[in-house]
Amino acid sequence: MEESQCHQWLNLLGLLALSYLLLKQVWSLLAGCKNHILSRWWRTNLKKYGGWAVVTGATDGIGKAYALELAKRGFDVILISRTLEKLEKVAKEIENLTRRKTKIIQLDFTGGAEIYTKVEKALKDLDIGILVNNVGMTYFNEVTRFHEVPDINKRIENIMNCNLQSMIQMTKIVLPKMVQRKKGLIINLSSAAGARPYPMITMYGATKAFMDFFSRSLNVEYRSDGIIVQSVLPHLVSTNMTRHPSANILVKTSDDFAREALNTVGYSHRTNGCLSHCFQSYILDHLLTETFMNSWICLFLGGCAMSLIVKITKLGKKDK
Ligand SMILES: NC(=O)c1ccc[n+]([C@@H]2O[C@H](COP(=O)([O-])OP(=O)(O)OC[C@H]3O[C@@H](n4cnc5c(N)ncnc54)[C@H](OP(=O)(O)O)[C@@H]3O)[C@@H](O)[C@H]2O)c1
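Remember, our numbering sits 37 above the position in the sequence shown when you count from 1.
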């Protein structure tokens, strides 16, 4: 082959590669617009899934916001959480605001498989259309290396039961009837911390990665039965878990987050929930490599930022 011909082929190959990369970016931009902008006006009709929605960890933060938003969209809701007084208060709040029915189940999800008999009995005769597996815990206030986590055996058991066992058992309870009725929606609150390695909160991040993979596989397994399993991977939302940082362009309030995330149902089975968080993931995935993210300088800066947040929060609490 002549040299000039060889150059022409190389030019063509380069052009094709460039067009492919460009098209890929345009495609993700269009998908982002569809999932987060179009979905505000053309919402999926969630009511087609059934009459009742179940939300775990429903007395605070994202879970409470999902419960309220679902009630606003016409669902009766079953709230499951640890503290009875909070459950009663939130149930009343939802009933007063939306005129929907509520039921409460007091449960500590750090327990083992045996605690789910109570849930199974309570849900037996109800038409459960939506399950939101939201409950979760971390050891955020002790950003530390794995072997130095205080009271490690108890922490491991609690996090595994609360973050994973709860999702698996709750899913196991509601799925058979959803399959029979050929419709259902299961939303699993994973986290952006489960989408890439998160040193210093390793156990938490790893449980969230499990949740994400569980949801994605299950979605494929059951989509022909009319069931959607959505994995939601938020970045920072202002809640008790994150010590209530003020909301801004990067940090969402739980109400805004739940509303926007619910709009994405039917558009995306794996989402960061809102436009701002999608954008943050895009930057992390495309502009910052994993090698950089796990480099000592990044770990150091991340650790400093985390300690600062914890210190400021503690100071804030003392002042009160
Ligand atoms: N906030 C964020 O920035 C963020 C980001 C990514 C992912 N997520 C995920 O989103 C989910 C909700 O987070 P959040 O920030 O809203 O949490 P949160 O504000 O701490 O609220 C947690 C809720 O779960 C309940 N709960 C906690 N431990 C429980 C247990 N052992 N048994 C029963 N209920 C329990 C709490 O009830 P009680 O008050 O009665 O204990 C509360 O209603 C979690 O899975 C979290 O991993 C959050």
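Cβ coordinates follow ideal geometry from the N, Cα and C atoms, glycine included.
The structure presented is a predicted model; accordingly, all values stated were derived computationally and were not measured.
_For K357, which residues in the same chain have their Cβ closer than 6 Å to its Cβ, ignoring the five residues on either side in sequence?_
Only weak support exists for where K357 lies, its pLDDT of 46 falling under 50; the coordinates are left without a value.
*Could you tell me which residues DSSP puts in a beta bridge with W89?*
D113, I165
*DSSP state of K357, grouped into three classes?*
Low per-residue confidence applies at K357: pLDDT is 46, beneath 50, and the placement is therefore not dependable enough to give any value.
*asked:* Tell me which residues share the same chain as R296 and place their Cβ nearer than 8 Å to its Cβ, disregarding the 5 neighbours each side in the sequence.
replied: A102, E106
*Check each candidate in I196, T308, A232, L255 and name the one with the smallest Cα separation from K209.*
L255
*What do you get for Q267, buried or exposed, if any count of 16 or more other CB atoms within 10 angstroms of its CB means buried?*
buried
*Quick one, which of S227, N133, A68 has its alpha-carbon nearest G100's?*
S227
*Whole angstroms is fine: what's the gap from A108's alpha carbon to T135's?*
6 Å
*Would the C-beta of V180 count as close to ligand 1, meaning under 7 Å from any of its heavy atoms?*
no
*May I ask you to list the residues that DSSP assigns as paired with K140?*
I115
*Heavy atom of ligand 1 less than 7 Å from the Cβ of N285, yes or no?*
no
*asked:* So, with DSSP's three-state summary, where would you put L47?
replied: helix
_Between the alpha carbons of A95 and L53, how many angstroms are there, rounded?_
50 Å
*Should the segment 224 to 239 be regarded as contacting the segment 270 to 277, the criterion being three or more beta carbon pairs within less than 8 Å?*
yes
*asked:* So, for F294: in the same chain, excluding its five sequence neighbours on each side, which residues have a beta-carbon less than 7 Å away from its beta-carbon?
replied: I99, A102, P271, V274, G310, C311
*Whether A150 touches V114 by CB criterion (8 Å)*: no
*Are T93 and I117 close, meaning C-beta to C-beta below 8 Å?*
yes
_I need the straight-line Cα distance from L358 to L60, nearest angstrom please._
This structure cannot settle anything about residue 358, because the visible part of the chain is limited to 38 through 357.
*asked:* Taking its Cβ as the centre, do 16 or more other Cβ atoms sit within 10 Å of Q202, making it buried, or is it exposed?
replied: buried
*Among all the DSSP beta bridges, which residues are the ones paired with G221?*
I264
_DSSP three-state label for N277, please._
coil
*Look up N300 in the DSSP assignment and say whether it is helix, strand or coil.*
helix
*Is the distance from the Cβ of I142 to the Cβ of K155 below 8 Å?*
yes
*asked:* Which residue marks the beginning of the alpha helix (DSSP H) containing I320, and which one marks its end?
replied: 312 to 323
_Can you look up T96 in the DSSP assignment and give me helix, strand or coil?_
coil
_Supposed contact pair T276 and A284 - C-beta distance, whole angstroms, cut 8 Å_ = Actually they are not in contact, since the Cβ atoms of A284 and T276 sit about 11 Å apart, beyond 8 Å.
*Within its chain, find whatever has a CB closer than 6 Å to the CB of G263; leave out the 5 residues flanking it on each side and keep chain order.*
K219, K220
_In whole angstroms, give me the CA-to-CA distance for K129 and L212._
28 Å
*Looking at the unbroken alpha helix (DSSP H) that takes in K158, where does it start and where does it end?*
153 to 160
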